[in-house]
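For reference, the structure is listed below as structure tokens.
Numbering (the working numbering), first residue to last: 549 to 889.
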């Protein structure tokens, strides 16, 4: 392997995994982020941070599920605070058909009756007659995981530059072995015109009356939402999926939907504190599968959609393998000619 000087642009979940993996592979890595405060402008900060390949298979192509399971192993080997407790999926009695549909479209679930569900999540005992348990899934607290990765990147010797605007014409030195890995999300739309924005809104609650051990998805004919337990009685509730790149604050409609989800899952959430409402815009390609686009000495890693935390480790592994031995993973990587002036 030829050790390279690599500039990674964008310090969200995709850029952090690229920096960590490539630094550990022996490359000299520099990470550039436009925001002064870490993650202030990253879509990653609003993520549910679930590594849930089987549940995501409900609406995602098979490649997402398969690579997601590989990514889960990489998360386990890297992040000590990963919570490997599986995921639970439930539906109100009137929406039982949604649960049947979800089971048909996914794999790896264990069907639960009311007793088994109550044993798994006592707080939900008596509230749902059936459920689906996906044991091979995990979750984490979003801010804690991002902070861990940033610290790990720095500990690997990566130069981290916050509050610095990327200058494309200066990022790669003339000659030599340097290259750029562009992980800027929607900011890279000029180079990747197929990208679109998918808005996601979520809220953060705190309740001393509800105890959950794992993410719970509540299915509804219009959409499915999830609640992810964090420490100190906090719960992340998300997320809307709106075809829009608007960066405005959370709308009343979305806030009511998310609050209604929490209340429908457990009435005690009616007395919970609202700690935060927030919205981010996810970058996505038409098929909602992320891509690695190699154009000369610039590599674009983008389009993670809802799968940033799920697939970031395998996207970084694929780039590292390509730099090491030229391997091209056709599922997620393409080689293109650089644009000419």
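Each residue gets a CB set at the ideal place from its N, CA and C atoms; glycine is no exception.
- Taking the Cα positions, residue 876 is about 11 Å away from residue 868.
- Rounded to the nearest whole angstrom, the CA to CA distance from residue 681 to residue 631 is 15 Å.
- For residue 587, the three-state secondary structure derived from DSSP is coil.
- Taking 8 Å as the cut-off, the Cβ atoms of residue 879 and residue 731 do not count as close.
- Under DSSP, residue 681 forms a beta bridge with 636 and 658.
- Secondary structure in the segment 777-841: the alpha helix (DSSP H) runs of 4 residues or longer, each lying completely within the stretch, are 800-813 in chain order.
- With fewer than 16 other Cβ atoms inside 10 Å of its own Cβ, residue 883 counts as exposed.
- Cβ-Cβ separation between residue 668 and residue 751: approximately 25 Å, too far for a contact (criterion under 8 Å).
- Residue pairing for residue 846: DSSP places it in a beta bridge opposite 728 and 843.
- Within its own chain, the residues whose Cβ lies closer than 6 Å to the Cβ of residue 793, once the five positions on either side in sequence are excluded, are 745 and 829, listed in chain order.
- Just measuring C-alpha positions, the residue of 553, 703, 563 and 573 sitting nearest residue 873 is 573.
- Under the DSSP definition of a beta bridge, residue 580 partners with 557 and 709.
- Put simply, of 808, 586, 850 and 871 the residue whose alpha carbon is nearest the alpha carbon of residue 837 is 850.
- Each of 712, 819 and 797 was checked against the Cα of residue 581, and the nearest Cα belongs to 712.
- DSSP lists 764 and 785 as the bridge partner or partners of residue 775.
- When C-alpha distances from residue 560 are compared across 789, 824 and 710, the shortest belongs to 710.
- Per the coordinates, the alpha-carbon of residue 700 lies some 13 Å from the alpha-carbon of residue 629.
- Pairing residue 601 with residue 620 gives a Cβ-Cβ distance under 8 Å.
- With a cut-off of 8 Å on Cβ pairs, the segment 611-627 is not in contact with the segment 575-591, counting fewer than three such pairs.
- Beta-bridge partners assigned by DSSP to residue 883: 842.
- A straight-line Cα-Cα distance of about 29 Å links residue 783 and residue 864.
- Under the DSSP definition of a beta bridge, residue 871 lacks any partner.
- In the same chain as residue 755, and ignoring 5 residues on each side of it, the C-beta atoms closer than 8 Å to its own belong to 781, 783, 816, 817, 819, 820 and 821, in chain order.
- The Cβ-Cβ distance between residue 760 and residue 777 falls below 8 Å.
- In the DSSP assignment, residue 620 falls within the alpha helix (DSSP H) that extends over 610-626.
- Straight-line measurement puts the Cα of residue 714 at about 19 Å from the Cα of residue 698.
- In the DSSP assignment, residue 645 falls within the unbroken alpha helix (DSSP H) covering 644-653.
- In this structure, the beta-carbon distance from residue 707 to residue 578 falls below 8 Å.
- Counting C-beta atoms within 10 angstroms of its own C-beta, residue 653 has fewer than 16 neighbours from the protein chains shown and is therefore classed as exposed.
- With at least 16 other beta carbons inside 10 angstroms of its own, residue 762 counts as buried.
- About 4 Å separates the beta carbon of residue 571 from that of residue 704, a gap short enough to meet the 8 Å contact definition.
- Boundaries for residue 740: no alpha helix (DSSP H) harbours it, and the DSSP string shows neither H nor E there.
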